[in-house]
Amino acid sequence: METGIVRTFGEPDRQDVIALWEASGLTRPWNDPGSDIDRKLAVDDSLLMVAELDGRIVGTVMAGYDGHRGWVNYLAVEPAVRGTGLGAQLMLEAERRLVALGCPKVNLQVRQDNANAVSFYERLGYVDDDVISLGKRLTHDDPP
């Protein structure tokens, strides 16, 4: 199991985090990753975390808590270190921080075609809640 240093995001991490999200296929044209970081930092900067290994950013996770449920977004691990336990380490830290805030349950969404991610989360104890996820865009990001 790979052990990285998991810590809270710092502004100097921004470009490395965005590059990791892009390399991991997490970005979409309708979401500017820089704006996503800015919105997160404006609400709760302690729930945006990075994993460092040998001084490099090799993982990220963004969590949120609204007082009812926690959410996880932007879990990413550099392709070269996937399968080493670093993703689980990031998730455990996100869960630990959510529990410290009083969060009773965490939700996350996985794209339907991402069977590897579903398997990963199932190994961590996540189950299909048999719900339909609906969304409505309230703002539109400018293209990065």
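Heads up: take any position in the sequence shown, counting from 1, add 10, and you land on the numbering used here. For glycine and all other residues, C-beta sits at the position ideal for the given N, C-alpha and C. None of the values given here were measured: they were computed from a predicted structure.
Look at Asn83 here: in three-state DSSP terms it is strand.
Taking each of Gly93, Leu36, Arg121 in turn and checking the Cα distance to Ala86, the smallest one comes out for Leu36.
For the pair of segments examined, the stretch 51-64 was found to touch the stretch 14-33: the number of CB pairs separated by less than 8 Å reaches three. With distances taken between CA atoms, Gln119 lies nearest to Trp81 out of Lys50, Asp26, Trp81, Leu58. A direct Cα-Cα distance of roughly 31 Å separates Leu51 from Asp140. Annotation: the continuous beta strand (DSSP E) that includes Ala61 extends over 58-63. Secondary structure note for Asn126: its alpha helix (DSSP H) is the uninterrupted segment 125-133. Rounded to whole angstroms, the gap between the alpha carbons of Leu144 and Pro22 is 34 Å. Ile28: member of the alpha helix (DSSP H) spanning 24-33, first to last residue. Look at Arg17 here: in three-state DSSP terms it is strand. Between the alpha carbons of Asp76 and Asn83 lies a gap of roughly 14 Å.
Boundaries around Ala73 are those of the beta strand (DSSP E), 66-75, since no alpha helix (DSSP H) includes it. Our two residues, Ala104 and Gly74, have alpha carbons roughly 9 Å apart in a direct line.
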